[in-house]
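Chains as they are written, first to last, in this note's numbering: chain A, 15 to 235; chain B, 15 to 235. Yeah, the Cβ is synthetic: ideal placement off N, Cα and C, and Gly gets one too. On a predicted model such as this, the values are computed, not experimentally measured, just so you know.
There are 2 protein chains.
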Amino acid sequence: MQISDTEENYIKAIFALQMQEQGEVSTNRLSGHLLNRAASVTDMLKRLSEKKLIHYEKYKGVSLSAKGYRLAVNIVRKHRLWEVFLKEKLHFKWDEVHDIAEQLEHIQSEELVSRLDKYLGYPKFDPHGDPIPDKDGLMQKNQAIALARVDRKGNYRIARVTDHSRPFLNYITELGLKIGDLVRVEEVNAYDASCKLKTADGQTIFLSQKAGTNILVEQRR
Amino acid sequence: MQISDTEENYIKAIFALQMQEQGEVSTNRLSGHLLNRAASVTDMLKRLSEKKLIHYEKYKGVSLSAKGYRLAVNIVRKHRLWEVFLKEKLHFKWDEVHDIAEQLEHIQSEELVSRLDKYLGYPKFDPHGDPIPDKDGLMQKNQAIALARVDRKGNYRIARVTDHSRPFLNYITELGLKIGDLVRVEEVNAYDASCKLKTADGQTIFLSQKAGTNILVEQRR
DNA sequence: AAAAATATTTAGACTAACCTAAATCAAGGC
DNA sequence: GCCTTGATTTAGGTTAGTCTAAATATTTTT
């Protein structure tokens, strides 16, 4: 079946919203996320429903069908593999890869994806630390937690960022933080969830709750 | 200015036809090349003309403006660079690269193209031997001639193929011929332009005029 | 140079993907 | 249980890109 780039973007959006909340995704949430009017969203939901990509009942919200889920995971897989390619092979900075991968993720060729995967050495995570689904849609579940929610001082590894925007990525890059870095959490403020870190090279960094929410870490030893 | 993939494909088609004939390109030629009806082509020509990408006068045919020409060359550049990537890095066979490059050529990012070019080592030719325009649109003019037009026996280097179709590429691959191979032309028949070659490894090959027309060679010493 | 054949354009219609404005449904407060 | 409010859908319109059929321009033939 023929699925357009636009339709793929809707499927991807439903997937993303379904991940961060649970239950059905509302028309208005999609409208906000895609920056389209609610009426346009309703239009598209009807079409996606005809194609059996989603479960949709008027006024009841929407969820991905098995078929839609497989499609969504495949798009995410392509997006993240291309991000790795752009970062590791073409040496783009991690704040530049998202927009280009947004276009590349729609290229249609299973063979291309599979060869790219091999070429990159079957990476498990993209440059932001997001897990890359394998060809069967399975991905590593890393149980990293947000810095702002760390409840025990100690050593942690920066595993993932959940904000992919340029301003955020530039900010933490300037602070000298990147995926894989080891840091010591010296304090997480009980009142405003701001935190104080010490990096491997001895620098002390203060982060707001807002920044700390978007940096996920894994405990070390 | 915003230019769609479809518009880009029209520009590319006009460019291709302008290369192989001279003078203005007719609506019908474009219709045949793009597999769209002539009426649809007329429609599009009006739009491309508004955007100053082509010179178009009713019933008089069409040619690229300076702006359209620059765009066309850039699309060709992207197409051929991606073909090199697919062949050299992902090890696709040369008959598989065209269709995927057809999609990749529309990815919008000057930075991506320039980094890809560098990553590939600034290649001058694609896997079919077609010259790759550099960032300023300049490309190597190889003065290879068709095998079927060779008028002197001797040693030649296979420089380029002008048919990119799977059947043709598979056929000559089966014969054991590829870009860069050295061959001795033993005879070009004066009556039907079929020819007889000897390859470096001693094999003798007969080619029809049709095949000989699509294989371009350069004389050696 | 007029007629016939061919090429091209115009007219009108269709689909995908969007929009605005109006109508309708659903949920919580009273 | 009704009513107000906000969410959602319907109705009707737009643009890009396609189509068919009809009209018109150009070219070729005689």
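Residue i burial status per 10 Å Cβ neighbour count (16 or more: buried)
i: Ala214 of chain B; result: exposed
i: Asn228 of chain B; result: buried
i: Gln32 of chain A; result: buried
i: Glu71 of chain B; result: exposed
i: Tyr24 of chain B; result: buried
i: Arg235 of chain A; result: exposed
i: Ala204 of chain B; result: exposed
i: Leu49 of chain A; result: exposed
i: Met58 of chain A; result: buried
i: Tyr190 of chain A; result: Residue identity differs from the one stated: residue 190 of chain A is Gly in this sequence, not Tyr. Exposed, by the Cβ-count rule.
i: Asp131 of chain A; result: buried
Test item: CB-CB of residue i and residue j under 8 Å
i: Leu5 of chain B; j: Ile28 of chain B; result: Here chain B covers residues 15 to 235 and nothing more, so residue 5 of chain B does not appear.
i: Lys212 of chain B; j: Val197 of chain B; result: yes
i: Val164 of chain B; j: Val202 of chain B; result: yes
i: Val39 of chain B; j: Val87 of chain B; result: no
i: Pro141 of chain A; j: Trp108 of chain A; result: yes
i: Leu100 of chain A; j: Ala80 of chain A; result: no
i: Lys149 of chain B; j: Ser128 of chain B; result: yes
i: Thr41 of chain B; j: Ala30 of chain B; result: no
i: Ala207 of chain A; j: Gly194 of chain A; result: no
i: Val231 of chain A; j: Ile172 of chain A; result: yes
i: Leu62 of chain A; j: Glu35 of chain A; result: no
i: Gly143 of chain B; j: Arg174 of chain B; result: yes
i: Leu104 of chain A; j: Tyr170 of chain B; result: no
i: Met15 of chain B; j: Lys92 of chain B; result: no
Cβ of residue i within 8 Å of any chain B Cβ
i: Arg180 of chain A; result: no
i: Tyr133 of chain A; result: yes
i: Arg129 of chain A; result: yes
i: Leu126 of chain A; result: yes
i: Ser123 of chain A; result: yes
CB contact below 8 Å: residue i versus chain A
i: Gln117 of chain B; result: yes
i: Ser54 of chain B; result: no
i: Lys107 of chain B; result: no
i: Gln16 of chain B; result: no
i: Lys212 of chain B; result: no
i: Ile114 of chain B; result: yes
i: Lys103 of chain B; result: yes
Whole-angstrom distance between residue j and residue i, CA atom to CA atom
i: Leu85 of chain B; j: Ser179 of chain B; result: 25 Å
i: Asn184 of chain B; j: His47 of chain B; result: 23 Å
i: Lys224 of chain A; j: Glu188 of chain A; result: 16 Å
i: Ile121 of chain B; j: Met153 of chain B; result: 21 Å
i: Asp177 of chain B; j: Arg94 of chain B; result: 15 Å
i: His69 of chain B; j: Val90 of chain B; result: 20 Å
i: Asn156 of chain A; j: Pro145 of chain A; result: 8 Å
i: Glu119 of chain B; j: Leu67 of chain B; result: 18 Å
i: Glu200 of chain A; j: Gly168 of chain A; result: 7 Å
i: Trp96 of chain A; j: Ala158 of chain A; result: 23 Å
i: Ile186 of chain A; j: Lys192 of chain B; result: 51 Å
i: Pro181 of chain B; j: Glu125 of chain A; result: 20 Å
i: Val55 of chain B; j: Gln233 of chain B; result: 41 Å
i: Ser45 of chain B; j: Lys74 of chain B; result: 15 Å
i: Asp113 of chain A; j: Gly135 of chain A; result: 23 Å
i: Tyr237 of chain A; j: Leu161 of chain B; result: The structure shown does not extend to residue 237 of chain A, since chain A is modelled only from 15 to 235, so the question has no answer here.
i: Gln217 of chain A; j: Asp19 of chain A; result: 45 Å
i: Lys26 of chain A; j: Leu221 of chain B; result: 51 Å
i: Phe106 of chain B; j: Glu102 of chain A; result: 21 Å
For residue i, the residue or residues it bridges with in DSSP
i: Phe220 of chain A; result: A:Lys210
i: Val111 of chain B; result: The partner list for Val111 of chain B (beta bridge, DSSP) is empty, contrary to what the question assumes.
i: Gly168 of chain A; result: A:Val199
i: Gln233 of chain A; result: A:Tyr170
i: Pro145 of chain B; result: B:Phe139
i: Tyr70 of chain B; result: B:Val76
i: Val39 of chain A; result: A:Val76
i: Val175 of chain A; result: A:Ile229
i: Ile159 of chain B; result: B:Val231
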